[in-house]
Each structure stands twice: as C-alpha cells, then as structure tokens.
Amino acid sequence: MARRPNPPARCGAPAAVLLAAGASRRLGRPKQFLRRGGLPLLLHQLRLAAGATRAGSARDLVVVTGARRFAVARAASLAGAQVVHAADWQQGMGRSLARGVATVAPGQAVLVLTVDQHRVVLRDLARLLARWRRAPWRPAAAVYAGGPGVPAILPGGWRARLLRLSGDRGAGTLLRAAGRRLTRVAMPRAAVDVDRPEDWPGTRAAPWPRRG
1 MARRPNPPAR CGAPAAVLLA AGASRRLGRP KQFLRRGGLP LLLHQLRLAA GATRAGSARD
61 LVVVTGARRF AVARAASLAG AQVVHAADWQ QGMGRSLARG VATVAPGQAV LVLTVDQHRV
121 VLRDLARLLA RWRRAPWRPA AAVYAGGPGV PAILPGGWRA RLLRLSGDRG AGTLLRAAGR
181 RLTRVAMPRA AVDVDRPEDW PGTRAAPWPR RG
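Mapping of the sequence shown onto the numbering used here: position 166 corresponds to residue 166, and the numbering continues sequentially without gaps.
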C-alpha cells in the first residue's frame, strides 16, 4: 500500500493567480473590462481572489497579462496585484499559467482563477479552500460540466510540472490525470464564463478599440 504523504505542519494560504491574458476574439471586446456590479470583471475577480486567500501582499495576488497588456497591467497594479506578462500567451493557457506560477514562492500552493467565471462567489472558493486544507498535498478543483476545472488549488509540490505546461495543456489536463488523488468540489456556477456575445448582454454593440 502506498504511503500517504505526511501533511505539512502548517498549511499556509495559497497565492492566487488570475489568468487574464486572452484576446476575447470571439467576444469582440476585452472581457477583462466588462462590468459586473459596477466593476470591471478584472477587478471583480481580483477582489474575489483576495477575499478568498486573504492575500497579505502583492506577491500573493498575481495577474497574468497577454493581449491588451498595458491596460490590464495598469488596472491590476492600481488594485494592488503583482503583474506578470506572458509574452507567449498566444501559445495557450498553459504558458500563461506557467508564467504566473513562476512568480509564486517555491512550495506555495496556487489558487487558479480565470477572469470571466463571473458567477463564482466567495462562498464557492471558501468551500474549495476548506476541502483542500484537509489534504493540502493534493490538488483540489471545482467540478462542473462533467469534470474538474478551475477554480482549482494546485499544491506547492506541483511547481515543476506546472512550469512545464505549454500550449492548451493547462490545469485541466493535470487535474484530470490526478484521478482519485484529486479533491473534488461541486461548483455549478463555475460552468458560466464569457466567450461569445450571447454570453454577456450588451456585447453585441460596437466592439472596443483593439489598442491598449
């Protein structure tokens, strides 16, 4: 029988990595700046991440930029987040995640979120964190649409494999491969994201300028 890893003596809070690199081509305007509750989605999701992890410093709250690098970076910096640019973001979400993880302290777990899963609420992430803390050497992930995905918490011991991610091989690939070692948390709201105009009322209007 395989031995279970000894749990760490102290389970610290994970850093949060918010993936905000996409170009929103199908949507026709930058999803990072769609407004929800009076806030751009970027800031809405940053507040959510900070509230869940109680990030004490910018090092623990990371935004990965790609398309519209400077506009996204400016907004994220003003909100108190650390910004890292994925120059190779067009290769896929795997590279963006790898760039974000590289900025996190070695050994620290990572809470991964996307900028457009706007239906996820704080209690969803609180449940995810609570379940993860029971076995912090394991990954924990939201389950929706028939399988695991982000939001997810990836253990510090996964750092090397996360840094090797490339193309469209992102967190989902690793989570599915984890099998029974994965802590699963039902999260139906995570299934809602913004990819096309019909996903967000009002986006059928003229697209935003592509600069910035």
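Ideal Cβ positions, reconstructed from N, Cα and C, are used throughout, including at glycine. Computed from a predicted model, the values in this text were never measured in an experiment.
Item                                                                                                           : Value
Three-way DSSP call (helix, strand, coil) for Q91 in this model                                                : helix
Range of the contiguous beta strand (DSSP E) that encloses H85                                                 : 82-85
Candidates L19, L34, A20, of which the one nearest D199 by Cα                                                  : L34
Inter-residue Cα distance where the pair is G66 and A23                                                        : 8 Å
Those runs of the alpha helix (DSSP H) which lie wholly inside the region 142-200 and span at least 4 residues : 159-163, 171-178
Cα-Cα separation, A205 to P40                                                                                  : Residue confidence is low: A205 scores 39 on pLDDT, short of 50, so the model does not pin down where it sits. No coordinate-derived value is stated.
CB-CB length for L165 against R95, believed under 8 Å                                                          : 7 Å
Residue range of the beta strand (DSSP E) that includes T114                                                   : 110-114
Whole-angstrom distance between P148 and G172, CA atom to CA atom                                              : 7 Å
Cβ-based burial, D124 [other Cβ within 10 Å; buried from 16]                                                   : buried
Beta carbon of Q45 nearer than 9 Å to that of L18                                                              : yes
Cβ-based burial, L154 [other Cβ within 10 Å; buried from 16]                                                   : buried
Three-way DSSP call (helix, strand, coil) for T53 in this model                                                : helix
For T183 and W132, believed in contact at Cβ under 8 Å, the rounded distance                                   : 6 Å
Rounded distance between the beta-carbons of A21 and P86, thought under 8 Å                                    : One point to set straight first is that residue 86 is Ala, not Pro, in the sequence displayed. Their Cβ separation, rounded to whole angstroms, is 5 Å, which keeps A86 and A21 in contact under 8 Å.
Sub-9 Å separation of A145 and L128 beta-carbons                                                               : no
Range of the contiguous alpha helix (DSSP H) that encloses V72                                                 : 69-78
Same chain only: Cβ atoms within 8 Å of A190, ignoring 5 sequence neighbours per side                          : Q117, R119, V120, D124, A142, Y144, G149, V150, P151
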